[in-house]
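Report on the following structure.
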Amino acid sequence: MSTIKTERRNLDKSRAHFQEAVKHMPLGVSSNFRYWGDDNTIFVKRGKGARLWDIDGNEYIDYRLGYGPAILGHCHDTVDAAAREAQPVGTVYALGTEKEVTVAKLIKEMMPAADLVRFSNSGTEAVMAALRLARGYTGKDNYVTFEGSYHGLFDATMWTADPDDMKDQSKDPRVITYGQGIPQLVRQLFWQVPYNDAQRLEDVLKKNHDTIAAVLIEPILGNCCGIPSKPEFIKAVRELCTKYNVLMIVDEVKTGFRVAKGGAQELYGIQADIFTVAKAMANGYPISAIGGREEIMRKYGKGVAHGGTYTAQAMSLAAAEATLTILKDTDALKNIAAYGQAMQDGMRKVLSKRGIPHSFTGHQSMSGLFFSAEAPTTYRNWKLSDYTFYDTMAGYLIDMGVMCEPDSREPWFISAGHDKACLDETLAKFEEAVDLTLD
Ligand code: PLP
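Heads up, the sequence shown is in the working numbering, so the first residue is 8 and it goes up one at a time.
So, in structure tokens, the structure goes:
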């Protein structure tokens with residue numbers, strides 16, 4: 008985590024609130040990642056479009072967007088009106104509503120891999136449900152993930168290559184849990200292979216395909232600064248899954264309805280057996296979906312359990328209908344990508360002028376910035392890259408009101424609310440932050 012400067016902002020109210028919050032909640036927040044230190048944890052008053060304001064009144068251009076969901080910008084009038092209009096329907100009945108089919112049809116229209124759709128509440132829940140479905144359908148228990156992936160908070164996926172083992176790249180790193188409370192027994196169920204390395208995947212599948220239900224892949228490593236699949240790699244994953252009779256689960260929780268109308272599957276020209284989507288689908292309202300091939304999806308109801316008290320809640324569904332309709336029928340995603348490209352171009356100009364090596368990862372709508380001439384292509388070389396320059400610069404930027412991710416782990420997310428004024432302000436402040444970092 009960078010040292011976030013607090014020279015230009017008054018954080019008195021956030022600091023006072025933190026002292027109260029921490030008496031009642033661990034770290035004073037509802038997610039460990041929202042804690043930025045006792046003096047630096049800020050609390051949001053409101054957001055609109057690409058901007059947000061904290062309770063001290065400091066204004067920020069937001070490139071975190073809640074880790075991606077606010078694709079149309081915060082508090083989008085049409086989406087919020089749709090959610091409000093749905094409110095009289097109520098919340099939960101443990102029965103279906105008509106709107107589910109409307110949204111399922113929209114997803115099917117945008118994502119050709121979806122013969123059928125089921126709804127959940129969060130990315131974690133959707134990936135859990137997808138993995139269970141793959142196991143139920145194939146009758147196999149094991150699975151494969153890739154180093155540097157994040158698929159949610161559940162035990163099956165809270166594992167990572169040990170960063171302390173990265174220095175010696177000649178041997179595979181140990182695979183360890185993200186934190187405590189995850190049973191070691193789970194480790195027996197999966198293989199974790201290097202990203203962008205189809206040969207290593209084939210080695211595992213060749214030997215073990217009889218026990219492997221699925222390969223679970225993020226098409227762009229959204230929690231590893233947006234490292235993208237090489238096109239030949241993700242195509243090889245598709246082919247290998249077919250060859251070895253293993254299901255390909257594409258986790259599009261971050262990329263879905265963001266990098267293209269049909270997500271990363273459209274971008275790369277592949278089709279998953281099962282996929283998950285969440286964040287951008289309802290502009291921040293809690294909802295996710297699992298989609299996939301008909302014969303697989305029909306296992307829900309023929310032996311594989313899926314449900315949840317809050318699934319397909321009316322307001323989230325209405326928000327999803329409004330958001331997906333806008334994304335499908337307008338140039339919003341094109342404009343988002345154009346903004347991302349213009350931002351990268353502007354940053355390149357600033358950095359090149361100063362002879363600072365740099366590169367960008369990911370897609371224009373969710374990209375990472377590196378201070379090395381070559382962008383990393385695996386978790387291993389990402390972990391070895393030096394991000395002290397980024398971290399210091401990000402600390403200045405946040406203080407100036409450009410809310411980027413402070414620790415270079417997450418990409419910068421762009422929304423349809425980011426306009427020319429945001430771009431000009433961001434680039435001017437970026438230049439200033441770079442110079443302060445160089446000093
Ligand atoms: N899958 C991916 C690719 C994600 O990026 C995330 C969250 O960042 C998840 C799953 C988990 O989603 P959620 O935080 O909604 O549970």
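No residue lacks a Cβ here, since even glycine has one placed at the ideal position from N, Cα and C. Since we're looking at a predicted model, the values are computed, not measured.
Report yes if the C-beta distance between residue i and residue j is below 8 Å; otherwise report no.
i, j, result
"Gly369", "Pro235", "yes"
"Met288", "Ala296", "yes"
"Tyr397", "Ala440", "no"
"Gly270", "Met118", "yes"
"Ala141", "Ala220", "yes"
"Arg416", "Cys232", "yes"
"Thr399", "Thr444", "yes"
"Ala136", "Ser127", "yes"
"Asp63", "Ser21", "yes"
"Val222", "Val260", "no"
"Leu391", "Met173", "yes"
"Gly143", "Val311", "yes"
"Phe264", "Ile49", "no"
"Asp122", "Glu239", "no"
"Ala168", "Gln206", "no"
Using 8 Å for Cβ pairs, my map puts residue i next to residue j. What's the rounded Cβ distance?
i, j, result
"Met165", "Tyr150", "Not confirmed; about 14 Å, so no contact."
"Val99", "Thr332", "Contact flag wrong, Cβ pair sits at about 24 Å."
"Ser372", "Ala344", "5 Å"
"Ile183", "Asp162", "With 8 Å as the limit, Ile183 and Asp162 do not qualify as a contact, their Cβ atoms being about 13 Å apart."
"Ala133", "Ala325", "That pair is no contact at about 19 Å."
"Asn203", "Lys237", "5 Å"
"His81", "Gly54", "3 Å"
"Ala382", "Ala120", "No, Ala382 and Ala120 are not in contact; Cβ-Cβ is about 28 Å, not under 8 Å."
"Leu4", "Ala339", "The structure shown does not extend to residue 4, since the chain spans only 8 to 446, so no value can be given for it."
"Ala327", "Thr104", "Not quite, the Cβ-Cβ distance comes to about 12 Å (not below 8 Å), so this is no contact."
Does the Cβ of residue i have 16 or more other Cβ atoms within 10 Å, making it buried, or fewer, making it exposed?
i, result
"His31", "exposed"
"Gly298", "buried"
"Ser374", "buried"
"Gly56", "buried"
"Arg181", "exposed"
"Phe367", "buried"
"Val211", "buried"
"Gly7", "Residue 7 lies beyond the range of the chain shown here (8 to 446); nothing can be said about it."
"Val86", "buried"
"Gln192", "Checking the sequence shown, residue 192 turns out to be Leu, not Gln. That one is exposed."
"Glu154", "buried"
"Phe25", "buried"
"Ile225", "Here residue 225 is Glu; the residue named in the question, Ile, does not match the sequence. So Glu225 counts as buried."
"Ser359", "exposed"
"Leu102", "exposed"
Would you identify the three-state DSSP class for residue i, choosing helix, strand or coil?
i, result
"Gly186", "coil"
"Gln199", "strand"
"Phe152", "According to the sequence displayed, residue 152 carries Thr and not Phe. The answer is strand: DSSP assigns Thr152 an E or B state."
"His24", "helix"
"Arg181", "coil"
"Leu72", "coil"
"Thr283", "strand"
"Leu160", "coil"
"Ser422", "coil"
"Leu404", "helix"
"Asp258", "strand"
"Met165", "coil"
"Lys214", "helix"
"Glu14", "coil"
"Ala220", "strand"
"Tyr386", "helix"
"Met322", "helix"
"Val51", "strand"
"Pro293", "coil"
"Gly143", "helix"
"Ile234", "strand"
"Leu208", "helix"
"Tyr346", "helix"
"Glu1", "Missing from the structure shown is residue 1; the chain here goes from 8 to 446 and no further."
"Ser366", "strand"
"Arg194", "helix"
"Val409", "strand"
"Arg125", "strand"
"Ser6", "The structure shown has nothing for residue 6, since the chain only spans 8 to 446."
"Ile62", "coil"
Indicate whether at least one CB of chain C lies closer than 8 Å to the CB of residue i.
i, result
"Gly269", "Among the protein chains of the structure shown there is no chain C, as only one such chain exists."
>> Pairs of beta-carbons, one from the stretch 410-421 and one from the stretch 61-76, closer than 8 Å: are there three or more?
In response: Taking a cut-off of 8 Å for Cβ pairs, the stretch 410-421 and the stretch 61-76 touch, as three or more such pairs fall below it.
> Is the stretch 312-326 close to the stretch 339-353, with three or more CB pairs under 8 Å?
Replying inline: With a cut-off of 8 Å, the stretch 339-353 and the stretch 312-326 do not count as touching, because too few Cβ pairs lie within range.
>> Count Cβ pairs between the stretch 263-278 and the stretch 153-161 that sit closer than 8 Å; are there 3 or more?
In response: no
> Using 8 Å as the Cβ pair cut-off and three pairs as the minimum, do the stretch 261-269 and the stretch 88-103 touch?
Replying inline: no
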